[in-house]
Amino acid sequence: MLFTVITINYNNCKGLYQTIESVLGQTCRNFEYIIIDGGSNDGSVDLIKEYGKKISYWCSEKDRGIYHAMNKGVALAHGDYCIFMNSGDRFYDNKVLDQIAEIYAEESIIVGKVSIDDNDNIISPPPHGELTFYHLYSGAIPHQGAFIKTSLLHKYPYDERLRIASDWKFFVQTLIMDNCSIRYLNVYVACYDLNGLSSSNPELMQTEKQNVLAELLPPRVLADYKRMKQSECLVQSITPQLKINYGVDKLLYNIGKILLKIRRK
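So that you can map any letter, position 183 of the sequence shown is 166 in my numbering, and since no number is skipped, the others follow by simple counting.
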């Protein structure tokens, strides 16, 4: 199995250094490494040149945004699976690719865990049971933890009109609309950079996700999911109060039982 690791960068020299070290430090050597830089002027290009002999391909030129850069990387990929490890993100440890290579898998998308802190808390936990549309409606699949068949990325290029939610749209299109296969692994794949665009722009993410859903789903189906989400939020908001009330009711019930026993005696 040949992996293609793609790094997108723009004026994030410090984060790029961490990412490059993480990628080139993999004990598995069966991968190619592509860096697409958006014309940085902060020293990123000089850094890339330092590692030039160990990088399969790199370029630094103005692009039309993150997803244009990601599509450029995919167009150059020769691997069976691609994974995006953008500047600031890094592999969890130096044995990640070896671990994935040892697992026999034919699924279109293979997803591992992505840590967000030193306590190994993870972003976007896998669904309980089979993946359904509701899981994606309520959450996401982190691209830092996803190995995606290159042929699938060719079939569904990222929507370059979107600034922040195109990878989410990709997963809706492939896993829900096209019913592609997915496999979740109990393996830590990456450490997520919380300073990234998507984590720092939740309002834009929600706006773009709603626009994507309006594009892909019939209005009446989308209306049902909105009602389901509203109901879920309502239940979550009243659950603590229900627990308190249940505790009081249980206490009163037990006191009543004791009083009845005393009265009978």
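Note that the Cβ used here is the ideal one computed from N, Cα and C, for glycine as well.
Span of the alpha helix (DSSP H), counted from its first residue to its last, around residue i
| i | result |
| --- | --- |
| L196 | P185 to L199 |
| K132 | It is not in any alpha helix (DSSP H) - K132 instead sits in the beta strand (DSSP E) that spans A129 to K132. |
| V97 | Premise fails: V97 lies in the beta strand (DSSP E), I92 to S98, not in any alpha helix (DSSP H). |
| C42 | Element bounds for C42: not the alpha helix (DSSP H) but the beta strand (DSSP E), Y40 to S43. |
| E113 | Looking at the DSSP string, E113 is not in any alpha helix (DSSP H), and its letter there is neither H nor E. |
| L(-1) | C(-4) to L7 |
Endpoints, the beta strand (DSSP E) within which residue i is located
| i | result |
| --- | --- |
| L168 | I165 to C174 |
| N54 | Per DSSP, N54 belongs to no beta strand (DSSP E); it is in the alpha helix (DSSP H), I49 to A58. |
| Y64 | Y64 to F67 |
| Y16 | F14 to D20 |
| I(-11) | F(-14) to N(-8) |
Integer-rounded CB distance, given that residue j should sit under 8 Å from residue i
| i | j | result |
| --- | --- | --- |
| Q9 | N77 | 6 Å |
| L80 | C11 | 4 Å |
| N(-6) | D25 | 5 Å |
With 16 other Cβ atoms within 10 Å as the buried cut-off, status of residue i
| i | result |
| --- | --- |
| G21 | buried |
| N(-8) | buried |
| N162 | exposed |
| R73 | buried |
| E191 | buried |
CB contact check: residue i to chain B, cutoff 7 Å
| i | result |
| --- | --- |
| A148 | Considering every chain present, this structure includes no chain B. It has just one protein chain. |
Inset, instruction - Determine, using beta-carbon pairs with one atom in the segment 83 to 99 and one in the segment 162 to 181, whether at least three such pairs fall under 8 Å. - result: yes
Inset, instruction - Assess, as a yes-or-no matter, whether the segment -4 to 6 is touched by the segment 42 to 50 under the definition of 3 or more beta carbon pairs within less than 8 Å. - result: no
Legend entry - Inter-stretch contact at 8 Å, needing at least 3 Cβ pairs: the segment 79 to 98 / the segment 122 to 138: yes
Inset, instruction - Would you check if the segment 23 to 34 and the segment 103 to 123 touch, i.e. whether three or more CB-CB distances between them fall below 8 Å? - result: no
Inset, instruction - Decide yes or no for the touch test of the segment 116 to 127 against the segment 12 to 29: beta carbon pairs closer than 8 Å, at least 3 of them. - result: no
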